[in-house]
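These notes are about the structure you will find just below.
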Amino acid sequence: MRWLALGLLAAILGAVWIQLWLPRMAHAAFSSGKWKRAMRYYRLIGALAFRPRRKRSAVLSRGACAVAAGEHEQAAMLLAALDGTQLETVEQAVLLNNRACLSLDTGVPAADALALVDQAIELRPDVPALQHTRARALLAVGRIDDAIAVLDGMRAAGELAPWLEGERCRELATAWESKGHAEYAAEYRARATVVAR
164 MRWLALGLLA AILGAVWIQL WLPRMAHAAF SSGKWKRAMR YYRLIGALAF
214 RPRRKRSAVL SRGACAVAAG EHEQAAMLLA ALDGTQLETV EQAVLLNNRA
264 CLSLDTGVPA ADALALVDQA IELRPDVPAL QHTRARALLA VGRIDDAIAV
314 LDGMRAAGEL APWLEGERCR ELATAWESKG HAEYAAEYRA RATVVAR
């Protein structure tokens, strides 16, 4: 009887870890910009998932981590494995955003990346990470003032994850430097460095 109770307790604890703590650990690693660690957690979540939605979510998250880590071939493979027509609205927005980020990182015309992220924002206008991708694309196509407006608006809903705030500051530094405002650029670069610590 004792072994049965211990087995049941172990099964319950294992289920809690898989359903609750593992996703939290993955999200915490992602939010702090620890891409490789987050990718390992998301891979494990996908391997242990029973529901198709959870498996797709893990693949999307792994794709985002791979893009952020600069592992573009792996990101392209993960994102290509997903059929956008079979995804829910939130998943479609993430997929479009991940593809836009990958495009910006790999030299695809910035206008194409901007079109992708604009589609993502139509689906989820409330997500700051999508706004960040849009600002990157706007910078890449030379729409500096529009990019600054988007970057300034990203914090309207509240504080950003540290990695995202650091990226926002880096993009603002680039934008202000391109406008010839070296002092603003230096200020935002310094902020990005502080946030990254």
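Residues in the sequence shown are numbered consecutively from 164, following the numbering used here.
No residue lacks a Cβ here, since even glycine has one placed at the ideal position from N, Cα and C.
Owing to the predicted nature of the structure, the values given are computational and were not obtained by experimental measurement.
Taking the C-beta atoms as reference points, alanine 298 is found no nearer than 8 Å to alanine 283.
By the Cβ criterion, the stretch 198-213 is not in contact with the stretch 330-346, since fewer than three pairs of Cβ atoms, one from each stretch, lie closer than 8 Å.
Considering only Ala232, Leu301 and Ile307, the residue with the shortest C-alpha distance to proline 272 is Leu301.
Residue environment: arginine 331 is assigned as buried (16 or more neighbouring CB atoms within 10 Å of its CB, all protein chains considered). In terms of Cβ geometry, leucine 265 and histidine 235 form a close pair [threshold 8 Å].
Our two residues, alanine 263 and tryptophan 184, have alpha carbons roughly 30 Å apart in a direct line. With respect to the 8 Å criterion, alanine 221 and tryptophan 198 are not classified as neighbours on the basis of their beta carbons.
The shortest CA-to-CA distance from lysine 218 to any of Ala244, Ala276 and Ser194 is the one to Ala244.
With 16 or more other Cβ atoms from the protein chains shown falling within 10 Å of its own Cβ, arginine 225 counts as buried. The residues Ala189, Ala221, Ser224 and Arg225, in chain order, have a CB closer than 6 Å to that of tyrosine 205 in the same chain once the five nearest residues on each side in sequence are set aside.
The beta carbon of threonine 269 lies closer than 7 Å to those of His235 in the same chain, with the five residues before and after it left out. The C-beta distance from arginine 287 to valine 313 rounds to 15 Å, too long to meet the 8 Å contact threshold.
Inside the stretch 194-236, DSSP marks whole alpha helix (DSSP H) runs of 4 or more residues at positions 198-211 and 215-231, from first to last along the chain. The C-alpha of leucine 293 is placed about 14 Å away from the C-alpha of tryptophan 326. Assigned with DSSP and collapsed to three states, alanine 324 falls in coil, not helix or strand.
In the displayed model, valine 358 falls within a helix according to three-state DSSP. When the Cα atoms are used, valine 358 and arginine 216 turn out to be separated by approximately 33 Å. In the structure shown, glutamate 330 falls within a helical segment according to DSSP collapsed to helix, strand and coil. In the three-state reduction of the DSSP assignment, glutamate 254 falls in the helix class, which pools H, G and I.
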